[in-house]
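What the sequence shown shows, in the working numbering, is residues -9 to 92, in sequence order.
Here is the structure we will look at, set down as structure tokens.
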Amino acid sequence: MKPSIYALSLVAVLAIGGSALAANVTTNGAAPASSSANDTGMASLGVDITGAGNTPASVHSFVASLSTDQQSGIKNGCQRIAADPTNASPNVASFCDNLNAQ
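Put into structure tokens, the structure is as follows:
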């Protein structure tokens, strides 16, 4: 390859890679957690919440079925999310809203 082709290739790689990296940054500049892990609650709560249901009663029942340590972790995680919900996935935010509903 000629040097000019190397330069064009490098520019193309940087342009594509840079936009891909920029697309994977949240509004506060932090890289988001894996969307699948975040949607299941694993990233933010440490427990897979996909089987918890979507009502306050089902969420409370789900949490009650977990170990004391897991319950504590979920409650602490939901308190953090309630204080700053901007980076929580909709699934996790809804779960926490239901958990916090009395």
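All C-beta atoms, glycine included, are put in the ideal place defined by N, C-alpha and C.
In this text the structure is predicted, and so the values were computed from the model without any measurement.
{"query": "Can you give me the C-alpha to C-alpha distance between N44 and T30, rounded to a whole angstrom?", "result": "13 angstroms"}
{"query": "Does the contact criterion of 3 or more C-beta pairs under 8 angstroms hold for the segment 71 to 78 versus the segment 36 to 56?", "result": "no"}
{"query": "What first and last residue would you give for the alpha helix (DSSP H) that runs through V37?", "result": "Here V37 belongs to no alpha helix (DSSP H), and DSSP marks it neither H nor E."}
{"query": "By DSSP, does A10 sit in helix, in strand, or in coil?", "result": "With a pLDDT of 41 at A10, under the threshold of 50, the predicted position of this residue should be treated as unreliable, though the coordinate-derived value follows. If DSSP states are grouped into helix, strand and coil, A10 belongs with the helices."}
{"query": "Give me, in chain order, the residues of the same chain whose beta-carbon lies closer than 7 angstroms to that of V49; leave out the 5 immediate sequence neighbours on both sides.", "result": "A42, G43, F85, N88, L89"}
{"query": "Can you give me the start and stop residues for the alpha helix (DSSP H) that A54 sits inside?", "result": "46 to 54"}
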